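Just below is one structure, and these are the notes that go with it.
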Amino acid sequence: MRFPGPRSAGGIGRLCRIVGRGLLVILLGALPARAWEIKSFSGRDHVSLEEIATFYGLGEATSPDAKTRKLKGSGRSLLATLNSREMEINGIRHWLAFPVLEDDGKVYVSRLDLGKTLEPAFRPTRIPEFPPVSTVILDPGHGGRDNGARSPYEHEKNFALDIARRVRNALQKSGIRVILTRNSDSFVELADRAAVASRLKNAVFVSLHFNASDTNPAAKGFEIFCVTPRGAPSTAYEQIRERDMVQENGNHHDIHSFALANAIYHSMLGRVEMTDRGVKRARFAVIRLAEVPSVLVEGGFLTNADDARKVASKQWRDDYATSIARGILEYKKLAENHISPREVAAYRNPETALKPIVEAVPPPPVPGVGLRDLPQ
Ligand SMILES: [Zn+2]
Numbered sequence: 000m001r002f003p004g005p006r007s008a009g010g011i012g013r014l015c016r017i018v019g020r021g022l023l024v025i026l027l028g029a030l031p032a033r034a035w036e037i038k039s040f041s042g043r044d045h046v047s048l049e050e051i052a053t054f055y056g057l058g059e060a061t062s063p064d065a066k067t068r069k070l071k072g073s074g075r076s077l078l079a080t081l082n083s084r085e086m087e088i089n090g091i092r093h094w095l096a097f098p099v100l101e102d103d104g105k106v107y108v109s110r111l112d113l114g115k116t117l118e119p120a121f122r123p124t125r126i127p128e129f130p131p132v133s134t135v136i137l138d139p140g141h142g143g144r145d146n147g148a149r150s151p152y153e154h155e156k157n158f159a160l161d162i163a164r165r166v167r168n169a170l171q172k173s174g175i176r177v178i179l180t181r182n183s184d185s186f187v188e189l190a191d192r193a194a195v196a197s198r199l200k201n202a203v204f205v206s207l208h209f210n211a212s213d214t215n216p217a218a219k220g221f222e223i224f225c226v227t228p229r230g231a232p233s234t235a236y237e238q239i240r241e242r243d244m245v246q247e248n249g250n251h252h253d254i255h256s257f258a259l260a261n262a263i264y265h266s267m268l269g270r271v272e273m274t275d276r277g278v279k280r281a282r283f284a285v286i287r288l289a290e291v292p293s294v295l296v297e298g299g300f301l302t303n304a305d306d307a308r309k310v311a312s313k314q315w316r317d318d319y320a321t322s323i324a325r326g327i328l329e330y331k332k333l334a335e336n337h338i339s340p341r342e343v344a345a346y347r348n349p350e351t352a353l354k355p356i357v358e359a360v361p362p363p364p365v366p367g368v369g370l371r372d373l374p375q
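Residues in the sequence shown are numbered consecutively from 0, following numbering that gives the first Met the number 0.
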């Protein structure tokens with residue numbers, strides 16, 4: 000089926016009548032203006048990788064192996080794996096809502112993923128209606144009676160507060176107004192954290208956590224979450240559930256949140272020495288409830304020996320916090336001046352590369368990692 004592009008006259012109304020599915024309306028604003036050929040699989044709209052390649056100037060796909068399609072052109076790149084939700088876009092790992100499919104020799108991507116992930120990743124300056132960034136709200140996870148995860152060195156709550164203060168200090172040097180949802184070892188309800196964001200206009204919200212796995216000590220790496228679009232399953236789930244159809248507060252800004260996640264992630268991947276797990280989607284309370292662009296960063300697994308050692312290193316935490324601050328500043332330039340955020344390749348340019356991270360010594364007694372040396 001072929002239908003008019005979203006920005007063509009009368010396209011939206013006509014499309015709704017033809018298709019009769021509310022979900023498509025949500026996606027229209029984000030899709031490039033042209034007629035896309037839509038193919039339905041399991042009742043879900045898909046577009047061919049061929050058409051995506053033509054539109055974005057990605058050239059012809061090559062196949063490094065039977066399951067992989069690689070495209071590169073016009074300063075963009077894409078690496079798709081058949082039957083997988085993992086897709087590398089411009090050098091970073093993204094998690095799609097639905098797997099890439101193959102049918103009759105052609106490869107397809109869901110329309111939702113084209114609108115909510117590929118388009119804002121490839122053309123961030125075309126994202127409409129960015130609110131400016133007057134304030135950055137930093138949300139150190141846990142606190143007080145809620146310790147969060149635990150490493151041999153320190154509780155998650157203390158690492159998170161340390162990172163928040165370092166990010167704050169870096170942002171304040173650039174003249175940005177910063178608010179912390181907690182600046183002491185205190186317990187704050189999740190809803191109250193999101194409410195700080197909702198009281199402010201023109202803010203972004205960045206929640207800071209570290210990860211843990213009860214069952215897999217090998218699990219490691221950083222990842223970043225932005226809110227799952229309505230109609231999509233979160234990254235941790237394969238199937239759509241009823242609640243996935245609910246429009247949350249956070250969904251009013253889901254493209255902006257994605258752009259914020261992307262800007263921070265490129266910066267992190269370019270400068271932080273740690274395995275990377277990708278840009279993911281979730282409906283965690285703080286990013287679901289916040290009424291401003293919001294993300295949640297998981298800075299490595301405290302249950303993994305390598306990650307825990309890195310996080311315990313002051314040098315690593317400083318690099319990590321600096322990279323988050325840098326990503327936020329890149330997002331601000333995008334939102335206010337329509338300047339594309341720097342991407343991982345630019346961060347890895349030898350002229351801007353960071354010095355190698357100094358590994359921490361083996362576990363000292365808890366806490367003993369200098370967490371309280373920053374201005375409070
Ligand atoms: Zn946490």
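The beta-carbon is built from N, C-alpha and C at its ideal position, and this holds for glycine as well. Being a predicted model, the structure only gives us computed values, none of them experimental.
With 16 or more other CB atoms across the displayed protein chains lying within 10 angstroms of its CB, valine 177 is buried. Taking a 10 Å sphere around the C-beta of tyrosine 330, we find 16 or more other C-beta atoms and assign the residue as buried. Cα atoms of alanine 324 and aspartate 102: separation of roughly 43 Å, rounded to the nearest angstrom.
Using a Cβ distance threshold of 8 Å, isoleucine 254 and valine 296 do not count as a contacting pair.
Burial state of glycine 299 is buried, judged by a 10 Å Cβ sphere holding 16 or more other Cβ atoms.
Of the heavy atoms belonging to ligand 1, none sits nearer than 7 Å to the Cβ of glycine 249. The Cβ atoms of tryptophan 94 and arginine 280 lie closer than 8 Å to each other.
With a cutoff of 8 Å on beta-carbon distance, proline 340 and proline 123 are scored as near each other.
Residues Leu301 and Ala307 of the same chain have their beta carbon placed closer than 6 Å to that of serine 150, with the five preceding and five following residues left out of the count. Secondary structure remark: continuous alpha helix (DSSP H) runs of at least 4 residues inside the region 152-196, in chain order: 155-172.
In this structure the region 142-159 lies against the region 185-193, because at least three pairs of beta carbons, one per stretch, are closer than 8 Å. For asparagine 210, the uninterrupted beta strand (DSSP E) run begins and ends at 202-210, by DSSP.
Isoleucine 51 is not a Cβ neighbour of leucine 100, given a cutoff of 8 Å. Uninterrupted alpha helix (DSSP H) stretches at least 4 residues long and entirely within the region 90-131 occur at 118-121, given in chain order. In this chain, methionine 267 is not harboured by any beta strand (DSSP E); it is covered by the alpha helix (DSSP H) spanning 253-270.
Judged by pairs of C-beta atoms under 8 Å, the region 224-238 does not touch the region 63-70, as fewer than three such pairs exist. By the neighbour-count criterion, in which a residue is buried when 16 or more other Cβ atoms sit within 10 angstroms of its Cβ, phenylalanine 224 is buried. Taking phenylalanine 204 as the centre and dropping the five residues before and after it, the same chain places the C-beta of Ile136, Ala196, Ala289, Val291 and Ser293 closer than 6 Å to its C-beta, in chain order.
Near ligand 1, residues with a Cβ at less than 5 Å from any of the ligand's heavy atoms are Gly140, Gly147 and His208; the list follows chain order. One alpha carbon belongs to glutamate 155, the other to leucine 117, and they sit about 33 Å apart. Nearest neighbour of glycine 104 by Cα position, chosen from Val132, Ser62, Met86 and Glu128, turns out to be Ser62.
Inter-residue distance for aspartate 138 and glycine 277 is about 21 Å (C-alpha atoms, whole angstroms).
Taking a C-beta distance under 8 Å as the contact criterion, serine 133 and alanine 202 qualify as a contact pair.
Annotation: valine 343 is outside any beta strand (DSSP E); the continuous alpha helix (DSSP H) that includes it extends over 343-346. Here phenylalanine 283 is not near phenylalanine 209, since their CB atoms are 8 Å or more apart. The straight-line gap separating the alpha-carbon atoms of histidine 337 and arginine 125 is approximately 8 Å.
Beta-bridge partners of valine 46 (DSSP): Val108. The beta carbon of tyrosine 346 sits closer than 7 Å to those of His265, Ser266, Gly269 and Arg270, all from its chain and outside the five residues before and after it, given in chain order. Between leucine 48 and arginine 75, the C-beta gap is not smaller than 8 Å, which leaves the two residues out of contact. Under the three-state reduction of DSSP, aspartate 64 is assigned to coil, being neither helix nor strand. Annotation for glutamate 237: no beta strand (DSSP E) segment contains it, and DSSP assigns it neither H nor E. Going by C-alpha positions, arginine 164 is about 8 Å away from asparagine 182. Inclusion of arginine 198 and glutamate 247 in the CB contact set at 8 Å is not warranted, their separation being larger than that value.
Residue environment for glutamate 128: exposed (fewer than 16 other C-beta atoms within 10 angstroms of its C-beta).
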